[in-house]
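Enquirer: For the record, the sequence lines run as chains G and P.
Under the numbering used here, the first residue of the first sequence is numbered 1, with each subsequent residue one higher.
Under the numbering used here, the first residue of the second sequence is numbered 1001, with each subsequent residue one higher.
Built from N, CA and C at the ideal position, the CB exists for glycine as well.
Got a structure here, written out as C-alpha cells. Questions coming.
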Amino acid sequence: METIERDYSSRGVKFYYIYKALAHPESNGYVQPFTLQERLLHVKEAQRTLGSRFTWLADNMENEVKHKLGNAPNSEFLLDPAGKVVRRRNWSDPASLRKDLEQLVGPVEKPTQVADLKLKIAPPPKVAASGVVPRIQVTGSMRAFKVVPQKSKEPHYVKLRAEVDQAFMSTGLGKLYLGFHLDPLYHVHWNNLVAPIKFELEVPADVTVTPSQGSGPKVKQPSDIDPREFLLDIDELKQVPKATLKVKVSYFACNDDEGWCKPVTQEYLVYLEGDRDAGSVRQRGGRGGFAGGQRPGFGGGRPPGGGNAGRPQMAAGPRLMGMIQKIDLKQRLVTAEDRSNGGPRTVHVPENVSIVRNGQPAKLADLKPQDRVMLILTEAPAKPQPQDKEAGKPATVRQIMARDSGFQPTRRRPGQ
Amino acid sequence: MLKRLVRSRGLLSTLVIAGFLASTFSISSGYAQGNRNSQSRGRSTGGFDQQAPAIGQPLPDLKLYTAEGKEFSTSQLKGSYTVLVFGCLT
C-alpha cells in the first residue's frame, strides 16, 4: 500500500488510513482505548510503529464509521473526485488497488517497490518483564461483554476486559472472564512489592458470580506487565435487559519514565450483553482442561455476600458442566456429558448435598435427563469415569445447580 | 559480537513486526497476502456488502478525527481520487 501511495500521491490521489477499534486486542499487549484521547494515542503509536506517509483519521468512539462502512477489519474504498464509491473491498488488496488506479488515473512508468521504501518499523513499548505470570486457560470460544469505565481522576492505566463462554450465552450458567490488562501506551507496570491487584463485584438480583472478589498472585519479580486474569462462575437465573455487574478494582501502578508509583482505584460497569466492537482475542491461554482457570493467588472459594441474600450460593470446588444423561436414584449416581471433553462422567451424590433446579431447592429425584447442570465436586477426578464401569470410585458432588432445557427463555443476543 | 547480535535481533524484530502490522494495514502486497486467513475476515464478508455503501453511492456523512484530534467529515473527501483503508494496531 505504501508503494502505491508513493506513486500516486504526486498525481493527486489522497490516501487515508481510518483507525478503528482493535480487531484483536491483547496482541502485542495493545488493548481497546476507552476515550478518543486514547484512540488518538493509538494513532500516534501506529504512526510511530509503521512509519507510513498516509494521513490518519480516527473513527469516533461510537465506532460509527466502522459500522456504516461495512464493519470489516481491513476494508478499502476508492472514491472518485465527486466523493462516490468507485471500488470497494471487504479486505484491502494493494495489487488490485494499483490496477484500479492505473485504469482510472493512469499507469506509473517505474512503480515503487517495497525494497525502495526503507520504512522504519519500531517495536511496541515494553517497560518491564513479561511472561512472568501464566495466562489463564479458557475452554472454547468466549464472547466479549460491553465494559464501560466509570469516571476516574486517573487515566485507566489498567483496562478491564470481560468475556463469557458459550455455555453462559446459551444457558445462563457458565464462566465469566475478567482480565485486567495494563495499557502499554501509558508505559506503566505493576508494582509487585506491594499488595497485588484486588477486585470486588456487585451483582444484580438473579445473578450470582463466584467468587465475587479476588486478588492477583504474589509475584517474586518486583515488576512486570502481564495481565491479571480471573475465571469466575456466573449464573444468571433470569435474563434482565441492561443488567450490569459493577466491578471495583484497586491496584498499584508505576511509571519509571515519569518517576511515580501510585495506588489507583477505579470502577467499571459490565453490561451482560455482547459488544460487537470488542474484537476477538487470539490464543490467550490455549484450551484449558477440567475446571481450568484456577490460578495461584486466585481469591476464590468464598461465596458472594450481601446482595445475594436468599439466592443459592455456589460452593467452591472443581466444576463439571454438561447435560444429565442418566440418574440412578438407588445408588445416588448421576451421569452427565462433560462439556469439557464430550465424554460421560458419573458422580456420586451424597444425601445432604445442596441441589438447586430452575432456581429452587430440589431433591435428586427432581433432576431429569437432558437437564443442563453444573456439578460442583469435592475434588477433580483423576480421569473420566466410563458410564458402565464399576471399578474406580466416582467423584463426589458437593453441590448441584441444574435447569431443564425448556426453562431457558431466548438467550441474550451476543451483539453483532 | 554484541553489534552483530543487536543488528540481527533488530532485523528479526523488524521483519516480525512488519509482517504482523502489515496484516492489518497492508503496507506491502507481499506481507499482506501471508496473513489474511483469519476468522474475523470470514465473519466480516457476510455483513460487508449489505452495510457498506454500494458502487456509485457517496459515503454517508460521518464524523471522524484527525491525528491531532480535530473533527473531520467524510463529506470533505472530494476533489480528487481518494483511497480509504481501515485498520488498527492489532
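Can you give me the Cβ contacts of residue 483(G) inside the same chain, cut-off strictly under 6 Å, excluding the 5 residues immediately before and after it?
Expert: Past the edges of chain G, shown from 1 to 416, lies residue 483(G), and the structure says nothing about it.
Enquirer: Fully enclosed by the region 31–103 of chain G, which beta strand (DSSP E) runs are 3 residues long or longer?
Expert: Whole beta strand (DSSP E) segments, 3+ residues: 55–59, 76–79 and 85–89.
Enquirer: In this structure, does DSSP put residue 117(G) in helix, strand or coil?
Expert: Helix.
Enquirer: Residues in the same chain with beta-carbon distance under 8 Å from residue 366(G), minus the five sequence neighbours each way, listed in chain order, please.
Expert: If we look at residue 366(G) and ignore the five residues flanking it on each side, its Cβ neighbours are 355 and 357.
Enquirer: Chain P beta carbons: is any one of them nearer than 7 Å to that of residue 33(G)?
Expert: No, its Cβ sits nowhere closer than 7 Å to a Cβ of chain P.
Enquirer: Just verifying my parser: in three-state terms, what is the DSSP assignment at residue 7(G)?
Expert: In the structure shown, residue 7(G) sits in a helix (DSSP, three-state: H, G or I).
Enquirer: Helix or strand or just coil, what does DSSP make of residue 1063(P)?
Expert: Strand, per DSSP.
Enquirer: Comparing C-alpha positions only, which one of 329(G), 55(G), 214(G) and 81(G) sits nearest to residue 1086(P)?
Expert: Cα-wise, what sits closest to residue 1086(P) is 55(G).
Enquirer: Going by beta-carbon coordinates alone, are residue 271(G) and residue 175(G) separated by less than 7 Å?
Expert: Taking 7 Å as the Cβ cut-off, residue 271(G) and residue 175(G) do not qualify as a contacting pair.
Enquirer: Please state whether DSSP places residue 2(G) in a helix, a strand or coil.
Expert: Three-state DSSP puts residue 2(G) in a helix.
Enquirer: From the beta carbon of residue 958(P), is the nearest beta carbon of chain G less than 7 Å away?
Expert: Residue 958(P) lies beyond the residue range present for chain P, which begins at 1001 and ends at 1090; the question has no answer from this structure.
Enquirer: Look at residue 450(G) and residue 216(G) and say whether their C-beta atoms are less than 7 Å apart.
Expert: In the structure as shown, chain G starts at 1 and stops at 416, and residue 450(G) therefore has no counterpart that could be examined.
Enquirer: For the region 49–61 of chain G, which residues have a CB atom closer than 7 Å to at least one CB atom of chain P, in sequence order?
Expert: Under the 7 Å Cβ criterion, the region 49–61 of chain G contributes 49, 50, 52, 56, 57, 58, 59 and 60.
Enquirer: Pull up the CB-CB distance for residue 1081(P) and residue 104(G), whole angstroms please, since I reckon it's below 8 Å.
Expert: The Cβ separation is near 6 Å, so the contact holds.
Enquirer: For a contact meaning CB atoms closer than 9 Å, what does residue 225(G) contact in chain P?
Expert: By Cβ distance, chain P contributes nothing, its closest Cβ being about 16 Å from residue 225(G), past 9 Å.
Enquirer: Which one of 1060(P), 1051(P) and 1069(P) has the shortest CA to CA distance from residue 19(G)?
Expert: Closest by alpha carbon: 1069(P).
Enquirer: Quick one: what's got a C-beta closer than 7 Å to residue 1083(P)'s C-beta in the same chain, skipping five residues either side?
Expert: Taken in chain order, the list of residues that qualify is empty.
Enquirer: Are any of the Cβ atoms in chain G nearer than 7 Å to that of residue 1078(P)?
Expert: So, interface residue.
Enquirer: Between residue 324(G) and residue 373(G), is the Cβ-Cβ spacing less than 7 Å?
Expert: Contact flag set, yes.
Enquirer: If you run the structure through DSSP and keep just helix, strand and coil, what is residue 395(G)?
Expert: Of the three classes helix, strand and coil, the one that applies to residue 395(G) here is strand, per DSSP.
Enquirer: Name, please, each residue of chain P whose Cβ falls closer than 7 Å to the Cβ of residue 88(G).
Expert: The answer, in chain order, is 1052 and 1055.
Enquirer: To which residues of the same chain is residue 1071(P) closer than 7 Å at the C-beta, ignoring the five residues directly before and after it?
Expert: Taken in chain order, the residues that qualify are 1063 and 1065.
Enquirer: In terms of alpha-carbon separation, which member of 64(G), 234(G) and 222(G) lies closest to residue 162(G)?
Expert: It is 234(G) whose Cα lies nearest to the Cα of residue 162(G).
Enquirer: So the candidates are 222(G), 71(G), 274(G) and 68(G); which of them puts its Cα closest to the Cα of residue 244(G)?
Expert: Among 222(G), 71(G), 274(G) and 68(G), the Cα nearest to that of residue 244(G) belongs to 274(G).
Enquirer: Between the region 85–100 of chain G and the region 187–196 of chain G, are three or more C-beta pairs nearer than 8 Å?
Expert: Touching, no, given that fewer than three Cβ pairs across the two stretches are closer than 8 Å.
Enquirer: Quick check: is the beta carbon of residue 1063(P) nearer than 7 Å to any beta carbon in chain G?
Expert: Closer than 7 Å to some Cβ of chain G, the Cβ of residue 1063(P) qualifies, so yes.
Enquirer: For my contact list, residue 172(G) and residue 237(G) are in at a C-beta cut-off of 8 Å; report their separation, rounded to the angstrom.
Expert: With 8 Å as the limit, residue 172(G) and residue 237(G) qualify as a contact, their Cβ atoms being about 7 Å apart.
Enquirer: Name the one or two DSSP bridge partners that residue 323(G) has.
Expert: According to DSSP, residue 323(G) bridges with 337(G) and 372(G).
Enquirer: Put residue 112(G) into one of helix, strand or coil per three-state DSSP.
Expert: Coil at residue 112(G), not helix or strand.
Enquirer: Across the region 131–144 of chain G and the region 97–111 of chain G, are there enough close Cβ pairs to call them in contact, namely three or more that are closer than 8 Å?
Expert: With a cut-off of 8 Å, the region 97–111 of chain G and the region 131–144 of chain G do not count as touching, because too few Cβ pairs lie within range.
Enquirer: Taking the CB atoms as reference points, tell me whether residue 43(G) and residue 1067(P) lie closer together than 7 Å.
Expert: For residue 43(G) and residue 1067(P), yes; Cβs fall inside 7 Å.
Enquirer: Following the continuous alpha helix (DSSP H) through residue 166(G), name the residue where it begins and the one where it ends.
Expert: Start and end: 166–171.
Enquirer: Between 208(G), 157(G), 164(G) and 258(G), which lies nearest to residue 29(G) when the distance is taken from Cα to Cα?
Expert: The shortest C-alpha separation from residue 29(G) is found at 157(G).
Enquirer: Could you check how far apart the C-beta atoms of residue 1052(P) and residue 69(G) are, in whole angstroms? I think they sit under 8 Å.
Expert: Between residue 69(G) and residue 1052(P) the Cβ distance is about 5 Å, and since that is below 8 Å, they are a contact.
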